[in-house]
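Undergrad: Its first residue numbered 652, the sequence shown is counted upward by one per residue in the numbering used here.
Beta carbons: idealized from backbone N, C-alpha and C, even for Gly.
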Amino acid sequence: MKSKIMDFLGIKYPIFQGGMAWVADGDLAGAVSKAGGLGIIGGGNAPKEVVQKNIHKLKEITDRAFGVNIMLLSPFVDDIVDLVIEEGVKVVTTGAGNPAKYMERFKEAGMIVIPVIPSVALARRMEKIGVDAVVAEGMEAGGHIGKLTTMTLVRQVVEAVNIPVIAAGGIADGAGMAAAFCLGAEAVQVGTRFVVAKESNAHANYKQKILKARDIDTVISAQHFGHAVRSIKNKLTRAFDEAERAAFKQDNPDLTIFEEMGAGRLPASVIDGDVENGSVMAGQIAGLISKEETAEEILKDLYEGAQAVMAKEVKRWLE
Ligand code: TUI
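1. Does any heavy atom of ligand 1 sit closer than 7 Å to the C-beta of Ile768?
2. State yes or no: is the C-beta of Val880 nearer than 7 Å to some heavy atom of ligand 1?
3. Give the C-beta separation of Gly746 and Met762 to the nearest angstrom, bearing in mind that I take them to be a contact with Cβ-Cβ under 8 Å.
4. When the Cα atoms are used, what is the spatial distance from Arg806 to Asp868?
5. Using the Cβ count rule (16 or more neighbours within 10 Å means buried), how would you classify Asn903?
6. Using a threshold of 7 Å, is the CB atom of Asn856 nearer than that to any non-hydrogen atom of ligand 1?
7. Buried or exposed for Met652, please, with buried defined as at least 16 other CB atoms from any protein chain shown within 10 angstroms of its CB.
8. Comparing alpha-carbon positions, which option in Lys900, Glu850 and Arg889 lies nearest Lys685?
9. Tell me the DSSP secondary structure of His909 in three-state form.
10. Is His795 near ligand 1 - that is, is its Cβ less than 7 Å away from at least one heavy atom of it?
11. Which of the three DSSP states is assigned to Thr843 in this structure?
12. Report the three-state DSSP secondary structure of Gln807 (helix, strand or coil).
13. For a test of the three-state rule: what should DSSP assign to Thr888, helix, strand or coil?
14. Would you grab the beta carbon distance between Val921 and His854 for me? Rounded to a whole angstrom, and I think it's under 8 Å.
15. What residues are listed by DSSP as bridge partners for Asn696?
16. For Ala784 versus Ile765, is the C-beta spacing smaller than 8 Å?
17. If you measure from the CB of Ala672, is any heavy atom of ligand 1 nearer than 7 Å?
18. Measure the alpha-carbon distance for Gly670 versus Gly835 and round it to whole angstroms.
19. If we count the other Cβ atoms within 10 Å of its Cβ and call it buried at 16 or more, is Asp678 buried or exposed?
20. Where does the unbroken alpha helix (DSSP H) through Gln859 begin, and where does it stop?
21. Quick check on this structure: which residue in Asn856, Arg844, Phe909 and Leu862 has the alpha carbon closest to the alpha carbon of His875?
22. Just to confirm before moving on: does the CB-CB distance between Asp866 and Gly956 stay below 8 Å?
23. Determine the direct distance from the alpha carbon of Gly688 to that of Lys663, and round the result to whole angstroms.
24. Nearer than 7 Å: is that true of the beta carbon of Ile765 relative to any heavy atom of ligand 2?
25. Pairs of beta-carbons, one from the region 752-761 and one from the region 828-847, closer than 8 Å: are there three or more?
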């Protein structure tokens, strides 16, 4: 299998590892890039020095292509933009906003820019300002999400733009990957399955929550008052549900609590392992994920799994 995107990124597998805040560090992204996927360091809300350390760590692991995800709601976003340019990072993905104001600098630096988008309108706007591809991320994904499902979003974005579309949200195995390609995607981005990679430094408690999750165990929090976030049900999500119900009943609700749901509660679970009071962001596909494997095993399983599903279906459809 060959594609434009594999050529211009120089990757062996058309698979991106999602740039997850706190989880996608230099070790994980380095392992994914080394094994032939596109490893992406998650900038999240981290300050410049932390992201820089992760970039240096990754460069020790591999000299293959990698990306940095710039979370546009971060208080350090301007510093991270400076950093990726200084470090000669070849690929940036962006999340949680519109990267238009940084576009000129990215392009001047010769970077490949791939925003994550939750709608056709934003995909079109991004194509107009000259991005190289878009990640269409459905609401099955973990973390901060839009409103559309992967099935509906990917299909409509593929029809609306002429740049490559990478599908994200709800993809954790070969069958899901094959489905995304049938919708017209040229690559997939996978998050939750890489959280449990052997090279992932996420706390064992966090990994266990994903390994044990069933299909119905994630919920959306802060959907009506803050930034909608999907995570595994726990004490924190129940508190948010309550706060949301209370806010609905008030004329002037205090919305500061909803800010908290964001990246603020993430290190408590990812680093400290407090999976009851911390935010355990994960996608709806967590129910399918049942073992810890190396990044290389995950990439191979996705790719070869997709190949097997495609071959089986082609045979059934053409005979
Ligand atoms: O960004 C993500 N996932 C994330 S970011 C994150 S840290 C955080 N946590 C809570 C609240 C805020 C940040 C955890 N997970 N995925 C990509 C993504 N981008 N999902 C949705 C969007 C998005 C939303 C609106 C992209 C663009 C957008 O544009 C609005 C506009 O400005 O037009």
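TA: A quick look at the data gives this:
1. For ligand 1, a non-hydrogen atom lies closer than 7 Å to the CB of Ile768.
2. Correct: Val880 has its Cβ closer than 7 Å to ligand 1.
3. Between the beta-carbon of Gly746 and that of Met762 there is about 16 Å, and that puts the pair past the 8 Å contact cut.
4. Approximately 26 Å, taken between the alpha carbons.
5. The residue is exposed, with fewer than 16 neighbouring Cβ atoms inside 10 Å.
6. Not so, every heavy atom of ligand 1 lies at least 7 Å from the Cβ.
7. Exposed is the call here.
8. Among Lys900, Glu850 and Arg889, the Cα nearest to that of Lys685 is on Glu850.
9. The question names His, but residue 909 in the sequence shown is Phe. Looking at Phe909 - three-state DSSP - the assignment turns out to be helix.
10. Closer than 7 Å to some heavy atom of ligand 1: that describes the Cβ of His795.
11. Three-state result, Thr843: helix.
12. It is helical.
13. In the three-state scheme derived from DSSP, where H, G and I count as helix and E and B as strand, Thr888 is classed as helix.
14. Your pair Val921 and His854 checks out as a contact, with CB atoms roughly 6 Å apart and the cut at 8 Å.
15. Answer is none; Asn696 lacks a bridge partner.
16. Yes, these two residues count as a Cβ contact at 8 Å.
17. At least one heavy atom of ligand 1 lies less than 7 Å from the C-beta of Ala672.
18. When only Cα atoms are considered, Gly670 and Gly835 end up about 22 Å apart.
19. Only buried fits Asp678, as 16 or more other CB atoms lie within 10 angstroms of its CB.
20. Taken as a continuous stretch (DSSP letters only), the alpha helix (DSSP H) holding Gln859 covers Ala855 to Lys863.
21. Of Asn856, Arg844, Phe909 and Leu862, the residue nearest in Cα terms is Phe909.
22. Between Asp866 and Gly956, the CB-CB gap reaches or exceeds 8 Å.
23. C-alpha separation (whole angstroms): 6 Å.
24. No copy of ligand 2 occurs in the structure displayed; its ligands are ligand 1 alone.
25. No: fewer than three Cβ pairs fall under 8 Å.
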